[in-house]
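There are 2 protein chains.
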Amino acid sequence: MKLTNSQEEYLKVIYILEKSTGKSRVTDIAKKLKITKPSVNRAIKSLRDLDLIEYEVYGEINLTYKGEEIAKEIIKKHDIIKMFLVDILEVDEKDAEEEAKSMKYAMSPDTTKKLEKYISKIMDLGDLDCEYDKNNPKCQSCIKVTIKNRLSKRKEQKKLKA
Amino acid sequence: MKLTNSQEEYLKVIYILEKSTGKSRVTDIAKKLKITKPSVNRAIKSLRDLDLIEYEVYGEINLTYKGEEIAKEIIKKHDIIKMFLVDILEVDEKDAEEEAKSMKYAMSPDTTKKLEKYISKIMDLGDLDCEYDKNNPKCQSCIKVTIKNRLSKRKEQKKLKA
DNA sequence: GTAAAATGTTAGCGTAGGCTAACAAGGAGG
DNA sequence: CCTCCTTGTTAGCCTACGCTAACATTTTAC
């Protein structure tokens, strides 16, 4: 079942709302996606037709098992891409969020897996002592240290927010 | 001027046809993009309205200066992304071609520049002698050598084709 | 120079997914 | 219990961009 980019965004948002507030409502989905309620209304009907959510007119919106599995995949893909953008390419976090949104749709599951592996390879390299210093842009070990520092910094900031 | 993904693909193909055969024709564009002629017909009108191509009914299709500049940018972006996919992530070339097509639309000019820099950084690292051998997956120097080898191999194969 | 083939165009359909305007349902306070 | 506000829905419009069927023009081949 090939979903559209927008359907994937809906699933993602529904999942996030379900996990954070317990339920998803048309108005909240519309706010999150910055679109109007009628647009959401039509979209959730299409997702219901695909058995990805359960929903009755004026009723609650809930992901089905299948819908939740897909939502989780989408979110994981999003996070991998965003991590690459922010921690490796040093793209500004807000921009990265937007770009990851559309890039994830373009990226196959296979490529996503490869990107994930690549990121962890970069992060987990065995230490190589740099012959110069800890900030040598020509040295992969230094680059790795820089990337690791960026990553842990970002994680801390996230914790502070929460 | 924000173009759609499909408009960008049209520009790219028109540029390639212009450079390789001297001119672009509706039928050739349709074949390249695997769509029908009426679809192309409508698209070139929209590009003409944006002053990106010059064209009259039943006449020749030519990129304007502006159109050509944009086409070149699009192609460059495509190549950068494809290089990342093929030479660094080791995605199969055909898959990479398809993914680059849609990914480039999602990627901002700024991020593209960052990706370009990242690729050249990986390629141009000063040599670090690996303490093990030339195929140590934990060693960035070895990884770099592997990536470089992949790249030059691919370039050779391209030459052989041409 | 004309007939056939290739090429280009028009008209109109379908889907996806935004939008607004207008209406319907449900809950909270007086 | 009724009114009002929030939330949800319906109807219908618009754009982008595929498609087919049918028609027009141009090129080619004899």
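Chains as they are written, first to last, in our numbering: chain A, -16 to 145; chain B, -16 to 145.
Beta carbons: idealized from backbone N, C-alpha and C, even for Gly.
Because the structure is a prediction, the values reported are computed rather than measured.
Practice task
Drop a sphere of 10 angstroms on the beta-carbon of V40/B, count the other beta-carbons inside from all chains shown, and report buried for 16 or more, exposed for fewer.
Solution key: Looking at its Cβ environment, which holds fewer than 16 other Cβ atoms inside 10 Å, V40/B is exposed.
| Extent of the continuous beta strand (DSSP E) run through Y38/A | From DSSP, the beta strand (DSSP E) with Y38/A extends over I36 to Y38.
- prompt: What in chain B is Cβ-close to A89/A, meaning under 7 Å?
  reply: Going along chain B in sequence order, the residues near A89/A (Cβ under 7 Å) are E82, S85, M86 and A89.
Are the C-beta of I97/B and some C-beta of chain A separated by less than 8 Å? What sits at residue 97/B in the sequence shown is Lys, not Ile. Chain A, which has a Cβ nearer than 8 Å to the Cβ of K97/B, makes this yes.
Check your understanding: Using a Cβ-Cβ distance under 8 Å, would Y(-7)/B count as near chain A?
Key -> It does not; no Cβ of chain A falls within 8 Å.
Through-space distance from K104/A to K60/A, alpha-carbon basis: Rounded to whole angstroms, K60/A to K104/A spans 17 Å at the Cα level.
Going by DSSP in three states, I44/B sits in which element: helix, strand or coil? Of the three classes helix, strand and coil, the one that applies to I44/B here is strand, per DSSP.
task: Indicate the three-state DSSP secondary structure (helix, strand or coil) for S91/B in the structure shown.
output: When DSSP states are grouped into helix, strand and coil, S91/B belongs to the coil group.
- Please name the residue or residues paired with S7/A in a DSSP beta bridge. I44/A.
By how many angstroms is the C-alpha of Y(-2)/B removed from the C-alpha of I58/B?
-> About 9 Å.
Here's a check: name, in chain order, each residue in its chain whose Cβ is nearer than 8 Å to the Cβ of K(-5)/B, leaving out the five neighbours to either side. Same-chain partners within the cutoff: A54, I57, I58 and H61.
### Query
For the region 62 to 78 of chain B, which residues have a CB atom closer than 9 Å to at least one CB atom of chain A, in sequence order?
Result list: L68, I71, L72, E73, V74, D75 and D78.
| query | Does DSSP classify E157/B as helix, strand or coil? | reply | This structure cannot settle anything about residue 157/B, because the visible part of chain B is limited to -16 through 145.
For L111/B, which of helix, strand or coil comes out of DSSP? Any reading at L111/B is ruled out, since the residue's pLDDT is 43, under 50, leaving its predicted position unreliable.
* To do: Express the C-alpha separation of Y38/A and D11/A in angstroms, rounding to a whole number.
  => Distance between the alpha carbons of D11/A and Y38/A: 15 Å.
At the 8 Å Cβ level, is Y101/A part of the contact set with chain B, yes or no? Yes, its Cβ sits closer than 8 Å to a Cβ of chain B.
Self-check item: Nearest-angstrom Cβ-Cβ length linking V74/B and K15/A, presumed shorter than 8 Å
Solution: Actually they do not touch by this definition, with Cβ atoms about 32 Å apart.
For the ligand FAD, I want to know if E139/A counts as a neighbour, meaning its beta carbon is within less than 7 Å of at least one of the ligand's heavy atoms.
With respect to the ligand FAD, the structure shown offers nothing to examine, as it has no ligands at all.
Verify whether the separation of the beta carbon atoms of I36/B and F67/B is less than 8 Å. The criterion of a C-beta distance shorter than 8 Å is not satisfied by I36/B and F67/B.
For Q(-10)/A and chain B, any beta-carbon pair shorter than 8 Å? So no, Q(-10)/A is outside the interface.
Can you pull the chain B residues whose beta carbon is under 9 Å from the beta carbon of T(-13)/A, in chain order?
Per Cβ cutoff of 9 Å: no residues; T(-13)/A is ~12 Å from chain B at best.
Please report the residue range of the alpha helix (DSSP H) in which I18/B lies. No alpha helix (DSSP H) holds I18/B; DSSP gives it neither H nor E.
Discussion item. Just to confirm my understanding: we take A26/B, look at its own chain, exclude 5 residues before and 5 after, and list those with CB closer than 6 Å. What are they?
Written reply: The residues are Y(-7).
- prompt: Should I94/A be flagged as near chain B, meaning a C-beta pair shorter than 8 Å?
  reply: The question names Ile, yet the displayed sequence has Thr at residue 94/A. For T94/A, the answer is yes, since a Cβ of chain B falls inside 8 Å of its Cβ.
(message) With a threshold of 8 Å between beta carbons, is D116/A in contact with chain B?
(response) Its pLDDT being 48, under 50, D116/A is placed unreliably in this model, and the coordinates cannot settle the point.
Are the Cβ atoms of E52/A and K6/A separated by less than 8 Å?
-> Cβ atoms of E52/A and K6/A: not closer than 8 Å.
- In whole angstroms, what is the alpha-carbon distance linking K77/B and S91/A? Taking the straight line from one Cα to the other gives about 12 Å.
Exercise for review: Find out if the Cβ-Cβ distance for the pair K49/A, I64/A is shorter than 8 Å.
Suggested key: Taking 8 Å as the Cβ cut-off, K49/A and I64/A do not qualify as a contacting pair.
Where does L33/B sit, in a helix, a strand or coil, going by DSSP?
Judged by DSSP in its simplified three-state form, L33/B adopts coil rather than helix or strand.
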